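Numbering (our numbering), first residue to last: -17 to 188.
Beta carbons: idealized from backbone N, C-alpha and C, even for Gly.
All values reported here derive from a predicted model rather than from experimental measurement.
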């Protein structure tokens, strides 16, 4: 298990910490944008917060870690099950790296199963992994436009819809979007800026 830097040990970034705590209290607040200097502990703070939060109940074996107590927010497979095996898991924190392909973000055909077994199966992407947790995008202002469009669609609906290669998949994708970046490296698209409910300016502590 990877050790996390304690949230309480992060100093000089009180606004960032307070904003992150607000997203934990109310995940529907609309995400957080942290713009400012490099090396100010933005990603460290996100992971430290997630490690601080209590574990969540999730359906065992579900790729989307559906909430067994919320049928309306479950994937199609979980909704069909009369009973669920339940496990407690840490709040997921998923990185969306620059240069990530569309397939990596939304999911794609499982090529291994297609080639070895002749089956059409879905391989979940980063949006699936982030369901009920945090999706962290460093240098969010440098994301490619088509990835930004995908994020906007999913963030608005709370659902990821994938239709390709004969597959038609729909799964929950509700997450707190946390974006960070340096404004000197490029502007953020207005449509994406509007998606964030909170915004803080992060500077190197003096």
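Per the DSSP calculation, residue i is bridged to which residue(s)?
i	result
residue 118	77 and 160
residue 139	Paired residues: none, contrary to the question.
residue 71	38
residue 104	91
residue 183	17
Is it buried or exposed, residue i, if we count other Cβ atoms within 10 angstroms and call 16 or more buried?
i	result
residue 62	exposed
residue -17	For residue -17, the predicted model reports a pLDDT of 44, less than 50, meaning its position is unreliable and no value from the coordinates is stated.
residue 127	exposed
residue 58	exposed
residue 116	buried
residue 152	exposed
residue 168	exposed
residue 162	buried
residue -1	buried
residue 53	exposed
residue 65	exposed
residue 10	exposed
residue -6	exposed
residue 172	exposed
residue -9	exposed
residue 106	buried
Taking C-beta to C-beta, are residue i and residue j nearer than 8 Å?
i	j	result
residue -11	residue 31	yes
residue 26	residue 185	no
residue 155	residue 179	no
residue 24	residue 71	no
residue 28	residue 160	yes
residue 158	residue 18	no
residue 134	residue 80	no
residue 137	residue 108	no
residue 170	residue 122	yes
residue 112	residue 50	no
residue 149	residue 87	no
residue 103	residue 92	yes
residue 130	residue 174	yes
residue -14	residue 55	no
residue 39	residue 164	no
Of all Cβ atoms in chain B, is any one closer than 8 Å to the Cβ of residue i?
i	result
residue 125	Included in the structure is just one protein chain, with no chain B present.
Check whether the segment -3 to 9 and the segment 39 to 55 are in contact - that is, three or more C-beta pairs closer than 8 Å. no
Start-end ranges of the alpha helix (DSSP H) lying completely within the segment 20 to 64, minimum 4 residues: 24 to 34 and 58 to 62
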